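Taking it in order: structure first as structure tokens, then the write-up.
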Amino acid sequence: MHEWDVHVSEWIHKSRLSLCSRRCGRWICLNNACPNDINTQCVGMMCMCKPGLNRVNGICGAAPGSSGTACASGVCLDINANCLSSQCTCRAGFSRVAGTCVRDGKVGGKCVSTACPNDVNAHCSNGVCLCKAGFSRIGGSCRAVGQLHGMCSGALMNLCPGDSNAVCENMVCVCKPGTTAIDGSCVQDGRLGGICATSCLNESNTVCTNGTCVCASGYTEHNGMCTRNGAYGGICVSGRCPDTRGASCVNGWCVCSSSQVPYRGACPRIRVPNRHHHHK
Numbered sequence: 016m017h018e019w020d021v022h023v024s025e026w027i028h029k030s031r032l033s034l035c036s037r038r039c040g041r042w043i044c045l046n047n048a049c050p051n052d053i054n055t056q057c058v059g060m061m062c063m064c065k066p067g068l069n070r071v072n073g074i075c076g077a078a079p080g081s082s083g084t085a086c087a088s089g090v091c092l093d094i095n096a097n098c099l100s101s102q103c104t105c106r107a108g109f110s111r112v113a114g115t116c117v118r119d120g121k122v123g124g125k126c127v128s129t130a131c132p133n134d135v136n137a138h139c140s141n142g143v144c145l146c147k148a149g150f151s152r153i154g155g156s157c158r159a160v161g162q163l164h165g166m167c168s169g170a171l172m173n174l175c176p177g178d179s180n181a182v183c184e185n186m187v188c189v190c191k192p193g194t195t196a197i198d199g200s201c202v203q204d205g206r207l208g209g210i211c212a213t214s215c216l217n218e219s220n221t222v223c224t225n226g227t228c229v230c231a232s233g234y235t236e237h238n239g240m241c242t243r244n245g246a247y248g249g250i251c252v253s254g255r256c257p258d259t260r261g262a263s264c265v266n267g268w269c270v271c272s273s274s275q276v277p278y279r280g281a282c283p284r285i286r287v288p289n290r291h292h293h294h295k
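Under the numbering used here, the first residue of the sequence shown is numbered 16, with each subsequent residue one higher.
Set out below in structure tokens:
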């Protein structure tokens, strides 16, 4: 455990203190707020300088070339600002917030006609886009609490129930070692849909292509497995299902009818006993 982790643990047990505690040159948040410096924000339980600001002698402020400051040799440090009349000014569609240019309609930026179209998980409050309840601001976006890349949940803020392959690190849900974030989920390396070097991990009908485990030729992913085309559970081949006896092509997929059940590569009909037959 790092020294900083120890200090965070100390703070958790001393959370009833009325003032922020300072450890290792950083401020720890108090009730998710940073009252000692208006130019800081609470990130992972630590008070950090807001975007576009730098800490100098313990105080967060705008660096030369930042939005709202004089241009340094005609160049602005903020990529969303232009040098106009020797001043760094936000480009169209961006507004200056705490010394940096933030896209309008995005969390932390100004609302667009009382809406926040650039983040579906944000809402407009007093002219500013804020995260909705159950979401937290991480990396400029509103992330669901307890989900991948969102703030951890639970009484001690150490749980990630939204993804079984995610763990809580520095109050944020990240992928466990051996898994990689792909399309919003932690996928095990070497498994179908996961990253790979040259081959995939004991997965039948999968191949490593361009660094990703995908279904081999003639197979299609369905319910997390590679299923042969033309067989039950796979896609149809020219509108037919030649690899599963009795299967039918419905909406492009090979399925068994309601009077059939998949069994040993076929779709046999369910036999219903004759109710009128009596034993003598």
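For glycine and all other residues, C-beta sits at the position ideal for the given N, C-alpha and C. Remember, predicted model here, so these are calculated numbers, not experimental data.
Going by DSSP, what residue range makes up the beta strand (DSSP E) through S100?
Secondary structure note for S100: it is in no beta strand (DSSP E), with a DSSP letter that is neither H nor E.
Is H138 helix, strand or coil when you go by DSSP?
Per DSSP, reduced to three states, the secondary structure at H138 is strand.
- Task: Confirm, please, whether the CB-CB distance from G169 to G123 is below 9 Å.
- Result: Result no, Cβ atoms of G123 and G169 do not sit closer than 9 Å.
Check your understanding: Alpha carbon to alpha carbon, how far is K147 from S140?
Key -> Cα atoms of K147 and S140: separation of roughly 10 Å, rounded to the nearest angstrom.
M172 versus M186: straight-line alpha-carbon distance, rounded
Rounded to whole angstroms, M172 to M186 spans 6 Å at the Cα level.
Q) In its own chain, which residues sit with a C-beta less than 7 Å from the C-beta of C105, not counting the 5 before and 5 after it? A) Correct list, in chain order: S82, N95, A96, R111, C116.
Report the CB separation of K65 from C57 in whole angstroms; it is logged as a contact under 8 Å. Under the criterion of beta carbons closer than 8 Å, K65 and C57 do not qualify as touching, at roughly 11 Å.
Nearest-angstrom Cα distance between G165 and K121? Each residue's Cα considered, the two are about 17 Å apart.
- prompt: Whose C-beta lies closer than 7 Å to the C-beta of S200 among residues of the same chain, with five residues either side of it excluded?
  reply: Taken in chain order, the residues that qualify are L163, D178.
message = Tell me the DSSP secondary structure of I53 in three-state form.
response = Coil, per DSSP.
Chain-order list of residues whose beta-carbon lies under 8 Å from that of A246 (same chain, five-residue window excluded) = Listed in chain order, the non-local C-beta contacts of A246 below 8 Å within the same chain comprise C256, D258, T259, A262, C269, G280, local neighbours out to five positions each way being set aside.
**Report entry** Span separating the alpha-carbon of D52 from that of C157
**Finding:** Rounded to the nearest whole angstrom, the CA to CA distance from D52 to C157 is 23 Å.
| message | Taking its Cβ as the centre, do 16 or more other Cβ atoms sit within 10 Å of R118, making it buried, or is it exposed? | response | Per the 10 Å Cβ criterion, buried.
- [ ] Return the CA-CA distance between N225 and G239, expressed in angstroms with no decimal places.
- [x] Near 19 Å, if we compare the C-alpha coordinates of G239 and N225.
So the beta strand (DSSP E) L171 belongs to, where does it begin and stop? No beta strand (DSSP E) holds L171; DSSP gives it neither H nor E.
> In angstroms, rounded to a whole number, what distance separates the CA positions of E236 and T242?
Replying inline: The straight-line gap from Cα to Cα measures roughly 6 Å.
Check: If you compare alpha carbons, which of L207, G193, A196 is closest to V229?
Finding: The option with the nearest alpha carbon to V229 is L207.
Discussion item. To the nearest angstrom, how far is the alpha carbon of G249 from that of G267?
Written reply: Whole-angstrom Cα-Cα distance: 9 Å.
> In the structure shown, what three-state DSSP assignment does C39 receive?
Replying inline: Here the model assigns C39 a pLDDT of 36, short of 50, so the residue's position is not dependable, and the following value carries that caveat. In the structure shown, the three-state DSSP call for C39 is coil.
- Task: Pick helix, strand or coil for A181, following the three-state DSSP scheme.
- Result: The answer is strand: DSSP assigns A181 an E or B state.
* Asked: DSSP beta-bridge partners for T221?
  -> DSSP, once it has assigned bridges, lists C230 as partnering T221.
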